[in-house]
Each structure stands twice: as structure tokens, then as C-alpha cells.
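Peer 1: Just so we're aligned: 290 in the UniProt record's numbering is position 290 of the sequence shown, and the numbers increase by one with no gaps anywhere. For each residue, glycine too, the CB sits at the ideal point set by N, CA and C. As the structure is a prediction and not an experimental result, all values here were calculated from the model.
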Amino acid sequence: MRLLKVATCNLNQWAMDFDCNFKNIKESITQAKQAGAVIRLGPELEITGYGCEDHFLELDTINHGWECLKEILVGDWTDGILCSIGMPVIKGSERYNCQVLCFNRKIIMIRPKMWLANDGNYRELRWFTAWKHKDQLVDFQLPSEIAEAISQKSVHFGYGYVQFLDTAVAAEVCEELFTPIPPHAELALNGIEVLLILVEEITCTVITKDATVAAFITIIFSDGCSCVVVNGEVVAQGSQFFLRDSEVVLGQVDLDAVASLRGSISSFQEQASYKNTVSSVLVPYKLCQPFSMQMSLSNPLKINYLSPEEEIAFGPGCWLWDYLRRSGASGFLLPLSGGADSSSVAAIVGCMCQLAVKEIDNGDEQVKADAIRIGNYTDGQFPTDSKEFAKRIFYTVFMGSENSSEDTKKRAKELADEIGSWHLDVSIDGVVDGGSNIENLGLQNIQARIRMVLAFMLASLLPWVHSKPGFYLVLGSSNVDEGLRGYLTKYDCSSADINPIGSISKQGLRAFLRWAAIHLGYSSLAEIEAAPPTAELEPIRSNYSQLDEVDMGMTYEELSVYGRLRKIFRCGPVSMFKNLCYRWGSRVSPLEVADKVKHFFKCYSINRHKMTVLTPSYHAESYSPEDNRFDLRQFLYNARWPYQFRKMDELVKELDGNEVALGETRDQDKSRVNGVGMGIVAAGSGDPKSGL
């Protein structure tokens, strides 16, 4: 047997905070070494932080990366352990996203990324160049300060692997894993047994289902959950979300298991016999231990994934905690209407408080120190109860008018009591009294905007009133569907400092409310979820209730379908119409489908300008319309879409538009339940829950 202990590290890095990042790296290496690991893998670009964006263009960022790496190399951090450390490197005139492989106070190899992520949230080609020379390792002259400090003038640079006396190790970085011809296939044929995979978002299932990756000891760093995989079996798995600054996941494995599997696959051996040779760097050192009962092996685990509702609770909860502690703020203020959206935000803050108290109970000193500062605790006190902690750091405000119902006011108060927030009830009637029916929309906008103004005023004044230092961050509570449709007032309570639900669908939030009512202990959320969504901006009348879906002219379920088709499947009006004729054709006529699509695109285009001032939000839903980072489209449209709508009208005429187009069979019913059908519907766009 060749026994090997490996470590993959989840680090809570912060772009451009070199002290924070350096501290986390050193702590993770220390923990890995103390546990006996001989390989340590950390995040991509971990020295600088992944999200530096245009700061990567500054030479200071590159230089500070080398300075931090030098401090690691001159100490004993890399003694007896192979450390893969991510940082940007300039070679000649090009800037590369690199993994620097360090061992025994030397740089063994610098591995530049060969395929760059450049879609969705990712813009790597803006800052980095892809390495294109797969056939060789080249010589790289180290910066003079590094060379002098570690007595090493140059290092191998490029695509290759590290050959130890008893095994071989290579890296695969992010986008490379998802290319049509990924490097790991070639590396496996060259005898590499230990593969270091760095990805920003992945699940263990992706690895375990890949036949080639399965024939490795795979050490994975992933924001989606780090793990260690042996021959397709997960043997160690980290946390998906946590408040701690670092987490080290350890796996104890037998490399002979990999060799045995490969030797049993005839096709693998045949392809390996005429492989393309990958360059390597020889390190005359053994990483493995022989058979010993002192070292146990990690057993296969059942992969543990959080439910979508748990992800909504814990993901934004951790995100809020990070923003709160790093911004220097003393707490949050939320306009709490008693509706589903603002109540979801309140529940997420409550979850954050529960997570903080739990981490303190588990002995995390960093979380404890942050909580003491934020909560203004003195005399050795610290949070021991989440409701007491919420009372110190969370203000909720019900800003009612004559249009507000007693039901929503009551629900807001009950939820605030369950969470523990400091709750206020403020009337804004004096601001919105008067006006005629003609001025109805203007009056609605005034109500919405005055709530935003009051929220920011209270966030600055309330800490002073309660003799607390610092300031409060205002939380927004508009969901992704409202942003897509434009069903919000510009500069209303959708305008805030940050928004934890800005990229979460209405259906996802309602499912979360049902879950949170039970699992977070906030029982009033069940009643809130059951209430029909309403803005309560118009006067209450016995024969009329203002409802969101009536105002919008579409349901939230339909909005989710439109959003997925528009963004994920890149449909314009005509393509969306064609696909929805399949999706809805058994229930509505082509004319009705066309009317729905036209109404959506008209509303989307006339409101697109609102996305340019959208509050920064937690990124979750893949059809987010956020203009700032994710959905880069114009904000001025011809809202009549004359050419596209004319084409739709021609298709409707060809299809005899007033008649239902499709007869639905039992099999079609079943396929839609599973999110499978014709055209783009086959990819899940017909199921509003598929994107969670």
C-alpha cells in the first residue's frame, strides 16, 4: 500500500486584503501539517482573492502576491508538504492566473491556467491570458527579491506535472475541467495519480460521474463544497457554508487503489500505450507511507447536499455576516412590511444570528471577537442567545400608511418578536395624504420612495439614539422576478446597501418561508407565505385588493419561465414564443402565448433602466437580470419590438392562432413533470423550480 494524507482548504478570502488572506493561508497550512497531510490545496488566486477584477491590472497587486509568497517560502510552512498556492503572475508581457507549487521552501513549478472562464459572472479574459503552449515547460526567471530569499533563480513554467519518487501530482484549474477535451484525461494516461482540481462552483456529483476523473485520487477545492474523491467515491467532504475563516478537509487514501483500478480497464491501458507525453518536473522525494495500522483510511461517504431552502438560509446568511463584519457596520435595518420578501430577509438575518451563536458555542474565536465588536458587548460578555444578539444588531421597521392592512402589521410584529429584532412602527400617512385617482401611480411611488428615505435616516440615527457606535446597513428585499419584470419603484426600498434575496425567485422564497417556519423556529412565516403577495400601495376597498400578479399581468411562475428562457437559453421574443407554444400549447392558443410573450418583453424593456441602479445582491439564480455584473445588456429598448412582434404575428396566423396547438398525451404530462420536453424545454426551462 502507498498511504497518503491530503488536505483541501476552504478559505474565506477577501479581495485585496493581503493580511487577511495571508493569515488564512498560513493557518490552513499549519492545520494540514499538524494533521499529517503532505499535500495541501487552497482556492484559486487565494493570495490576492479571486474577485480583485481590475485591480489585477495593477502591478501592485502582482508584487504584493510575490511578497506574501516569499514570506511563506522563507518560513517552515512548506517543509515536508506540497502546497498549491494561487496567485497572478506576469511572464514577459502577459499576465497569467497561476497555481504555484511549493515544496521544502522552493518553488517546484508554476502552472498557468490554460482555459479561462469568461461567461456568467466571470470575466477572466479581461485580466488574464490563457497559456497556449501545452507541449513544453519553459524557464521562468523569478523576481530578484524572491530569488535571493530562497536561493533559486528560475523555475519551470507551463503545463505539466510533478513527479515524486512514489507518485505524480498535477493540477487542473476551474474552466479546464469543463472543456470538451479536459487536461485530466491526458494526465491520467501519463500516470498522474493525484489530481488537484480548483473550481469556483462545482458539486461532487460532477466528479464522481466523470469516468476519467474517477480513476484518480482527486483533491478538490470548490466554493460549492470541497472534497476528496478516490476512484469516484467521496471519502471526505467539507461544509457548503460556514462563518469560519478557514476549514481544512482531510482525506487518508491508498494510491494503490488507483493503480489497481486503472490496471483493470483494458481500454485505459490501450490508450495509455500511445499517449501524448506531458512534461514533468522531478522531485526526488517520497510523499507516501507504507502500510501502517497507525494511519487509517478514509471510507466512502454519502454525499451530503443542502436542500434549496437550506441554501437560501445559509448562503445569504453567511454572506450577510461577512459584509457586516468587514464593512465596520454595527448592524442591519430592514423595512419589514409583513410580506413574503421582506420577511424572507428578516428570517435570513435571524438565521445569521443563529449561525453566529452556534459557531461561538463551537469555540470559534474569530466569530466571537467579531460578534463582541458588532454587538457592542462589554465586561467579557458575548452572544449566547440568537434573539438577544438580534436585539443588539437588527432593527426592523413597519412603515405603514392608510393603505396598509392590520394583518400585515400584525405579521411583521410577530415575526420581529420571534427573531428578536428591535421593532418600530412608523406611520407615513402625513406624506401621502391627498391626491386624485389620476395621481394614483404617483402617490404609490411617493409611498415607496419615502420608505427608502426613512430607512436610511433611521439607519444613521437609531444607533445614536441607543448609544451605540457605528452605523447600520439598510437591507433591500426585492426578488429576482420583480427585477426582471421591473415591478418595483426606482429608488424605493429596493434601493438599499445590500440585498440578500435580489437573485432568488419568488417561488424559491415561498418554499424557503415554509421551511424556515419549521426549521428556524419562526412559525409566523407559515401565515406570511400563505398570504397573497400585495404591495399595499393603493387604498383598501371592500371590492378590491391590490395583488402583485394582477398588477404585473403575469404570475410569478410564468416570470421564472420567461427569465430562464431569456437568460439561460438566450431566447429573444420569437424563440421564446416558439418554445412556449410547446410548453403551454396544450392549454392556451398560439395567440394567447404571443400576447403573454409580448407583454413580458414590453414590461421588461420599459423597466430595464431600473437594473442600472439595482442594489448589490447575493448571486444565486442563474437568470438574474442584474446589469452591474451579470446580465450585460442595453437599458434603452424600442419597447414596441416591431420586427420581432410582427414575426410572431405571422407565426400565429400560420398556426391558426385562436386554436389550441397541441393535444397533450399522458406521456407529455409525465415529461413536463420531470422538466423534459421538446426544444429548450428539455433543458428544464419549463419547470420554474429547476434553477434552484
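#1: So, does the segment 39-53 touch the segment 9-29, judging by three or more C-beta pairs under 8 Å?
#2: Alpha carbon to alpha carbon, how far is residue 176 from residue 130?
#3: Is the segment 39-49 in contact with the segment 253-271, if contact means three or more CB pairs nearer than 8 Å?
#4: In whole angstroms, what is the alpha-carbon distance linking residue 274 and residue 189?
#5: Rounded to whole angstroms, what's the CA-CA distance from residue 317 to residue 360? Just pull it up for me.
#6: Throw me the rounded Cβ distance for the residue 520 and residue 263 pair, which I believe falls under 8 Å.
#7: Rounded to a whole number of angstroms, what is the C-alpha to C-alpha distance between residue 235 and residue 218?
#8: Under 7 Å Cβ to Cβ from residue 345, same chain only, skipping five residues before and after it: list those, please.
#9: Look at residue 635 and residue 612 and say whether their C-beta atoms are less than 8 Å apart.
#10: With burial defined as no fewer than 16 other Cβ atoms inside 10 Å of the residue's Cβ, what is the status of residue 464: buried or exposed?
#11: Distance, Cα to Cα, residue 3 vs residue 256?
#12: Using a Cβ-Cβ cutoff of less than 6 Å, which residues in the same chain neighbour residue 666 once the five nearest sequence positions on both sides are dropped?
#13: Could you check if residue 352 is buried or exposed, using at least 16 other CB atoms within 10 Å of its CB as the buried criterion?
#14: Given that a residue counts as buried once 16 or more other Cβ atoms are within 10 Å of its Cβ, and exposed if not, what is residue 347?
#15: In three-state terms, what does DSSP make of residue 121?
#16: How many whole angstroms separate the CB atoms of residue 280 and residue 160, which I take to be in contact at a CB cut-off of 8 Å?
#17: Taking only three categories from DSSP, how would you classify residue 260?
#18: Between which two residues does the alpha helix (DSSP H) carrying residue 525 extend?
#19: Have a look at the DSSP bridge pairing and note the partners of residue 140.
#20: Please classify residue 408 as buried or exposed, where buried requires at least 16 neighbouring CB atoms within 10 angstroms.
#21: Have a look at the DSSP bridge pairing and note the partners of residue 422.
#22: DSSP three-state label for residue 218, please.
#23: Output the distance between the C-alpha atoms of residue 622 and residue 564, rounded to the nearest integer angstrom.
#24: May I ask you to report which of helix, strand or coil DSSP gives residue 329?
#25: At a cut of 8 Å, does the segment 91-107 reach the segment 233-253 through at least three beta carbon pairs?
#26: Once you ignore the five residues that flank residue 669 on each side, which residues in its own chain have a CB closer than 8 Å to its CB?
#27: By DSSP, does residue 324 sit in helix, in strand, or in coil?
#28: Report the three-state DSSP secondary structure of residue 7 (helix, strand or coil).
#29: Assign residue 497 to one of two classes, buried (16 or more other C-beta atoms within 10 Å of its C-beta) or exposed (fewer than that).
#30: Can you grab the Cα-Cα spacing for the pair residue 154 / residue 127, in whole Å?
#31: Which runs of the beta strand (DSSP E), 3 residues or longer, sit entirely within the segment 37-102?
#32: Under a Cβ-count criterion, where at least 16 other Cβ atoms within 10 Å of its own Cβ denotes burial, should residue 606 be classed as buried or exposed?
Peer 2: Checking against the coordinates, here is how it stands:
#1: Contact between the segment 39-53 and the segment 9-29 is present, because at least three Cβ pairs lie under 8 Å.
#2: For residue 176 and residue 130, the gap between their C-alpha atoms comes out near 11 Å.
#3: With fewer than three CB-CB distances shorter than 8 Å, the segment 39-49 does not count as touching the segment 253-271.
#4: The C-alpha of residue 274 lies about 9 Å from the C-alpha of residue 189.
#5: Their backbone Cα atoms lie some 16 Å apart in a straight line.
#6: Contact doesn't hold; Cβ gap of about 51 Å is too wide.
#7: Using only the alpha carbons, I get a separation of about 10 Å.
#8: Within its own chain, the residues whose Cβ lies closer than 7 Å to the Cβ of residue 345, once the five positions on either side in sequence are excluded, are 334, 475, 477, 500 and 501, listed in chain order.
#9: The answer is yes: Cβ separation under 8 Å.
#10: Counting Cβ neighbours within 10 Å, residue 464 comes out exposed, since fewer than 16 surround it.
#11: Distance between the alpha carbons of residue 3 and residue 256: 8 Å.
#12: Because residue 666 carries a pLDDT of 41, less than 50, the predicted location of this residue cannot be relied on, and the following value inherits that uncertainty. Answer for residue 666: no residue qualifies.
#13: Label assigned to residue 352: buried.
#14: Flag for residue 347 reads buried.
#15: Looking at residue 121 - three-state DSSP - the assignment turns out to be coil, as it is neither helix nor strand.
#16: Sure, about 5 Å apart at Cβ, within 8 Å.
#17: Looking at residue 260 - three-state DSSP - the assignment turns out to be helix.
#18: Its alpha helix (DSSP H) spans residues 524-530.
#19: Note: residue 140 sits in a beta bridge opposite 155.
#20: Using a 10 angstroms sphere on the CB of residue 408, the tally of other CB atoms reaches 16 or more, which defines it as buried.
#21: In the DSSP assignment, residue 422 is bridged to 395.
#22: Note: residue 218 maps to strand in three-state DSSP.
#23: In this structure, the CA atom of residue 622 is about 8 Å from the CA atom of residue 564.
#24: Coil at residue 329, not helix or strand.
#25: In short, these stretches do not touch, since the Cβ pair count stays below three.
#26: Since pLDDT at residue 669 reaches only 44, below the 50 mark, its modelled position is unreliable, and no value is offered.
#27: In the structure shown, residue 324 sits in a helix (DSSP, three-state: H, G or I).
#28: Strand.
#29: Buried is the label assigned to residue 497, since at least 16 other Cβ atoms lie within 10 Å of its Cβ.
#30: In this structure, the straight-line span from the alpha carbon of residue 154 to that of residue 127 is close to 24 Å.
#31: Counting only runs of 3 or more, we get 39-41 and 82-91.
#32: Flag for residue 606 reads exposed.
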